[in-house]
Amino acid sequence: MTRVMKVAIIDDEQDMRASISQWLALSGFDTETFGSAEEALKGIGADYPGVVVSDIRMPGMDGMALLKRLMSLDSGLPVIMITGHGDVPMAVEAMRIGAFDFLEKPFNPDRMTELAKRATQQRRLTLDNRALRRELSDAGTLMQRLVGSSPAMERLREDILDLGQADGHVLIDGETGTGKTMVAHALHAVGPRAGRRFVSISCAAYSEDVLGRRLFGPDGETGQQPLVGEARGGTLCLEDIEALTPALQARLLTFINDQGSPPETRVVAICNDHAPDRTVEDALRPDLFYRLGAHKILLPPLRARGEDILTLFNRYAGQFAEEYGCDAPEIGAMEAAQLLQAPWPGNVRQLINIAERAVLQARRGAGSITSLVMADNEAAGPALTTEGKPLKEYVEAFERMLIDNCMRRHKGSIVAVMEELCLPRRTLNEKMAKYAMQRADYL
Ligand SMILES: Nc1ncnc2c1ncn2[C@@H]1O[C@H](COP(=O)(O)OP(=O)(O)OP(=O)(O)O)[C@@H](O)[C@H]1O
Ligand SMILES: [Mg+2]
Numbered sequence: 098m099t100r101v102m103k104v105a106i107i108d109d110e111q112d113m114r115a116s117i118s119q120w121l122a123l124s125g126f127d128t129e130t131f132g133s134a135e136e137a138l139k140g141i142g143a144d145y146p147g148v149v150v151s152d153i154r155m156p157g158m159d160g161m162a163l164l165k166r167l168m169s170l171d172s173g174l175p176v177i178m179i180t181g182h183g184d185v186p187m188a189v190e191a192m193r194i195g196a197f198d199f200l201e202k203p204f205n206p207d208r209m210t211e212l213a214k215r216a217t218q219q220r221r222l223t224l225d226n227r228a229l230r231r232e233l234s235d236a237g238t239l240m241q242r243l244v245g246s247s248p249a250m251e252r253l254r255e256d257i258l259d260l261g262q263a264d265g266h267v268l269i270d271g272e273t274g275t276g277k278t279m280v281a282h283a284l285h286a287v288g289p290r291a292g293r294r295f296v297s298i299s300c301a302a303y304s305e306d307v308l309g310r311r312l313f314g315p316d317g318e319t320g321q322q323p324l325v326g327e328a329r330g331g332t333l334c335l336e337d338i339e340a341l342t343p344a345l346q347a348r349l350l351t352f353i354n355d356q357g358s359p360p361e362t363r364v365v366a367i368c369n370d371h372a373p374d375r376t377v378e379d380a381l382r383p384d385l386f387y388r389l390g391a392h393k394i395l396l397p398p399l400r401a402r403g404e405d406i407l408t409l410f411n412r413y414a415g416q417f418a419e420e421y422g423c424d425a426p427e428i429g430a431m432e433a434a435q436l437l438q439a440p441w442p443g444n445v446r447q448l449i450n451i452a453e454r455a456v457l458q459a460r461r462g463a464g465s466i467t468s469l470v471m472a473d474n475e476a477a478g479p480a481l482t483t484e485g486k487p488l489k490e491y492v493e494a495f496e497r498m499l500i501d502n503c504m505r506r507h508k509g510s511i512v513a514v515m516e517e518l519c520l521p522r523r524t525l526n527e528k529m530a531k532y533a534m535q536r537a538d539y540l
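Residues are numbered in my numbering as their position in the sequence shown, beginning at 1, plus a constant of 97.
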């Protein structure tokens, strides 16, 4: 893909802007100029198809503040800073924030061209990689398997794509059944290690002795290669990391420290213990926690994913229906409300389980989804989560949804809705007024 790269030039001095722009234009760049940082921010965003050259000292927002803003918008954007003569601390600070390079005034124009060339080359690579990644995520299996479009899930997808490419180890945390193991696989699949081994072991499943030998060898009994060797160049996934004993934590730390940078083998640690008041940080020695937690992914609980709950239910119910050769059960307003408001302590895994049982029930022609959800969630605690909201709010949301659904089905026929919900006309009118519902919207 060859596209002409832009160079955005930001300088408060008109003459300076014009001369840099002219020089770079002569070298074949597509330039644009901005008289202030504020103005530049209106024209430059994430995925900007080019690079930035900015003066540091400007009235209003200065070059350093601009650099920080640009780095937070798109940390892969090359920004070349122009510093005053002898302004070394400033240049050092700019590089620390993430500048591509700096030029000291007065600068040699050829050096400017050369820098701009290198910066645009890198920019092109970055943008191509991003496009590839998007293609992968659009067409690829990852997005198909990871159901959900709630903001929490969209963020998770972004994180997976970003961290899949990043170096450093990853720590995954979240309630049971939220998809931690699935995400560990996804991280491996979208990154450069995809062709290498993904080796997984639970730190809670073995005694210290056996786990130590399985992980690091030597395994005299079986003569097997230790897992760190098997995973070499790929991903070593450590489930139940919180169960790792102090002695093995020390060995893991040594292994990690010997990896170099970027690490040859990536460690993805998963925390599965959620005893109240205890975090994975409490379970690990600080230096190990720091290394493992170079990147962290926290999976959102199912109850925080809103409508995704229904999408997930329909997706899995559909799959099971196909598997069992029957129709998927229909979910009405009542069932939807129940699904949306259950606490789901077992998260996605629990929901999949209920979807399967609902399909089996439907095949027999008996039972309701409602009773399944109620029974399953009641056994595990309170029937409805309140997430700190007053009960009244839930009751109202539920009532509103039921009336709305009913009005829709009966195309605004007040009489039919009164009958179905067993409501006197006056009460229905009052409720519709309370929820700002207009009959005309349903006709
Ligand atoms: N976003 C999602 N879309 C579709 N399926 C999902 C999603 N998240 C999880 N699942 C499915 O839910 C089940 C549980 O996921 P997974 O095993 O990854 O959870 P976990 O957090 O590792 O659970 P545990 O804490 O028990 O180890 C799996 O069958 C997985 O495929
Ligand atoms: Mg798991």
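Ideal Cβ placement from N, Cα and C applies to all residues, glycine included.
When you compare the CB positions of residue i and residue j, do they come within less than 9 Å of one another, or not?
i, j, result
"T362", "R329", "yes"
"I451", "D473", "yes"
"G403", "L436", "no"
"L121", "A213", "yes"
"L407", "I269", "no"
"T223", "G147", "no"
"V176", "L164", "yes"
"L389", "Y421", "no"
"A380", "L335", "no"
"M192", "L200", "no"
"P397", "S247", "yes"
"D370", "V377", "yes"
"D198", "M178", "yes"
Going straight from the alpha carbon of residue i to that of residue j, what length do you get?
i, j, result
"R348", "V307", "14 Å"
"T482", "V445", "Residue placement at T482 is flagged as unreliable, the pLDDT there being 49, under the threshold of 50; the coordinate-derived value follows with that caveat. If you take the alpha carbons of T482 and V445, they lie about 16 Å apart."
"E136", "L258", "31 Å"
"A480", "W441", "Summary for A480: the model assigns pLDDT 44, below 50, so the residue's position carries little reliability; its value from the coordinates is reported in the next sentence. Computed Cα separation, rounded: 9 Å."
"P426", "I298", "38 Å"
"A236", "A418", "At A236, the pLDDT of 39 sits below 50, so the modelled position is not reliable; the number obtained from the coordinates is stated separately. In a straight line, the C-alpha of A236 is about 25 Å away from that of A418."
"R154", "T180", "8 Å"
"A115", "V267", "46 Å"
"M98", "Q262", "Low local confidence applies: a pLDDT of 38 at M98 is under 50, so the model's placement there is unreliable, and no value is given."
"G314", "E327", "11 Å"
"Q322", "G274", "31 Å"
"S465", "E272", "27 Å"
"L469", "I428", "13 Å"
"L433", "L409", "Note that residue 433 corresponds to Ala in the displayed sequence, not to Leu. Cα to Cα, A433 sits roughly 12 Å from L409."
"R221", "I141", "16 Å"
"I107", "Q119", "13 Å"
"V280", "E305", "27 Å"
"D264", "D337", "22 Å"
"A463", "A366", "43 Å"
"E129", "I117", "10 Å"
"Y303", "R294", "22 Å"
"D184", "A391", "33 Å"
"L540", "M158", "55 Å"
"G195", "Y145", "16 Å"
Check for me: the alpha helix (DSSP H) holding residue i runs from which residue to which?
i, result
"H392", "Segment 392-395 is the beta strand (DSSP E) holding H392; no alpha helix (DSSP H) there."
"F410", "405-421"
"I511", "511-518"
"F352", "343-354"
"A286", "277-287"
"F313", "305-313"
"S169", "160-170"
"I257", "248-262"
"F126", "Premise fails: F126 is in no alpha helix (DSSP H) and is neither H nor E."
Which residue from the options puts its Cα closest to that of residue i?
i, options, result
"V101", "Y532, P289, D127", "D127"
"P156", "S133, M168, R166, S172", "S133"
"L333", "R290, A340, G274, I194", "R290"
"D384", "I353, A143, D171", "I353"
"M161", "S172, A188, C368, H182", "A188"
"P360", "V325, D198, G183, N369", "V325"
"E527", "E496, D538, H507", "E496"
"A283", "F131, A401, R254, M529", "R254"
"Q356", "L345, G331, P373", "G331"
Which first and last residues belong to the beta strand (DSSP E) in which residue i is found?
i, result
"T332", "332-336"
"A439", "Careful: A439 lies outside any beta strand (DSSP E) and carries neither H nor E."
"M178", "176-180"
"R363", "363-367"
"G132", "It is not in any beta strand (DSSP E) - G132 carries neither H nor E in the DSSP assignment."
"G147", "147-152"
"K103", "103-107"
"V267", "267-270"
"V296", "295-299"
"E201", "198-201"
Of all Cβ atoms in chain C, is any one closer than 9 Å to the Cβ of residue i?
i, result
"V189", "In the structure shown, chain C cannot be found, because there is only a single protein chain."
Is residue i near ligand 4, judged by its Cβ being under 8 Å from some heavy atom?
i, result
"I449", "Looking for ligand 4 in the displayed structure turns up nothing; the ligands present are ligand 1 and ligand 2."
Those residues, in chain order, that have a beta-carbon closer than 7 Å to some heavy atom of ligand 2: Those satisfying the condition are, in chain order, K277, T278, E336, I367, N369.
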